[in-house]
Amino acid sequence: MRIAVFVENRNGVGLTARIMGAAGAGEHTFLPVTADLDGDVGRWIDEEAASRLGGRRVHNLFREGEALTHAQFLEETGPRISEFARSESVDRLILFNDRSQRGSRVADALSGTLPVVLVQDGHLDFHYKKLGPGLRDQNWYYGSSGPAAVCVWGPATAHHLLYRTADADPVVHVTGALGHSDDPDLVRAAHQPAPPAARPSREPLRIVLLDQPLGDQRKLPADQHREYLRTACEALAEFGEVSVKPHPSTLSGHLDWLGTLPGITVLDESTLLDAAGLEAFDLAVTFFSTTYLQTLRAGVPLVLFSPPPLNIVFP
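Take the sequence shown: its letters are residues -14 to 300, numbered as in the working numbering.
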């Protein structure tokens, strides 16, 4: 079977590598594909593919620098993935988000022509401070494109997809989380009876703030996101040394801005901050992040910072 895998971030490349390395995967041909015009997404994916896919390149549906507006780029994504599927004789498509700007166009273009399998790639939660038209995050609509099957981490997400609307009938499989559910260290950490003891010394804390692209993803206005981030860094600096770990999908404009924060160490956004890396810190702070699983592995306390305008409620 010829299986296309649509990726749009570093995490998607990592999941693609796990899928390609699964038992029985060798019987199939995998065709990683992306859609990028401006260069940031393509750069992330090329860097990650070089280290995770054994030299296999990810095909870009666009040439960097094509003379298209952003609206034209999105409009063209559907026809180009359809042509790619036709020319490559694709039998099935895997994607990780059917509600992102790119992913929704890909899902809409192919859902009626071949089986589309949606695989959950990060923590999804569906609680909000305010409910009403236009107030829900795009996660609420995850899996609403009519895929042939949805593979989710656990029962909570499955129940949401099954009961979100009265007439929806998605095929949902609880598969667990690739790289997490099959990790015995994480299972042991999750069942710790109590958090590790606090440091007895009064030395300055080593604090890492796990940033999210709230402005880039339109969860907050960019200037508001940056103001809350600046305020948090200033407040945390009273207690020790502060580092900021940008999300791997952070765009260059926000990375440049982070570099202007005084007295703050900005970590490499392209490097995964895993449990081993987190052991260098005494405290982690985030708006919301799947990295909470890594803090659990590392035994590092995590503080969730939820500014009032941010509508998402992280459990």
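Backbone N, C-alpha and C define an ideal beta-carbon position, used for all residues, glycine too.
**OP:** Output the distance between the C-alpha atoms of F47 and G39, rounded to the nearest integer angstrom.
**Re:** 23 Å
Original post:
What are the residues that DSSP puts in a beta bridge with H44?
Top reply: V18
**OP:** Could you check the C-alpha separation between L95 and L59 for me, to the nearest Å?
**Re:** 15 Å
Subject >> Own chain, CB closer than 8 Å to L236, minus 5 neighbours either side, in chain order >> reply: D25, P198 and D201
**OP:** Kindly indicate which three-state DSSP category F272 falls into: helix, strand or coil?
**Re:** coil
Original post:
Thinking C-beta only, is P233 closer than 7 Å to R(-5)?
Top reply: yes
Original post:
If we count the other Cβ atoms within 10 Å of its Cβ and call it buried at 16 or more, is D221 buried or exposed?
Top reply: Sequence check: residue 221 is Leu here, not Asp. Under this definition L221 is a buried residue.
Original post:
Taking DSSP as the reference, what is the three-state secondary structure of I66?
Top reply: helix
Subject >> Buried/exposed call for H239, threshold 16 Cβ in 10 Å >> reply: buried
**OP:** May I have a chain-ordered list of the beta strand (DSSP E) segments no shorter than 3 residues that lie completely inside the stretch 142 to 168?
**Re:** 157 to 159
**OP:** Look up V26 in the DSSP assignment and say whether it is helix, strand or coil.
**Re:** helix
Subject >> Nearest-angstrom Cβ-Cβ length linking V18 and A56, presumed shorter than 8 Å >> reply: V18 to A56, Cβ: 21 Å. No contact.
**OP:** Give a yes or no on contact between the stretch 65 to 84 and the stretch 243 to 255, applying the rule of three or more CB pairs nearer than 8 Å.
**Re:** no
Original post:
Less than 7 Å separating the beta-carbons of L109 and N124?
Top reply: yes
Subject >> Cβ neighbour criterion (16 or more within 10 Å) applied to A10 >> reply: exposed
Original post:
Do three or more CB pairs link the stretch 224 to 231 to the stretch 154 to 167 at distances below 8 Å?
Top reply: no
Subject >> Spatial neighbours of D170 in its chain, beta-carbon cut-off 8 Å, leaving aside the 5 residues before and after >> reply: A260 and R282
**OP:** Kindly indicate the opening and closing residues of the alpha helix (DSSP H) around L214.
**Re:** A207 to L221
Original post:
Straight-line CA distance for E61 to E223?
Top reply: 49 Å
Subject >> Under 7 Å between C-beta atoms of D83 and L0 >> reply: no
Original post:
Between R65 and the rest of its own chain, which residues show a CB-CB distance below 6 Å, the 5 nearest in sequence each way excluded?
Top reply: L46
Original post:
If L295 sits next to F272, beta carbons under 8 Å apart, how far is it from one beta carbon to the other, in whole angstroms?
Top reply: 6 Å
Subject >> H176, buried or exposed, once every other Cβ within 10 Å from all chains shown has been counted against 16 >> reply: exposed
**OP:** Could you tell me which of D21, L214 and H44 sits nearest to L53, measuring between CA atoms?
**Re:** D21
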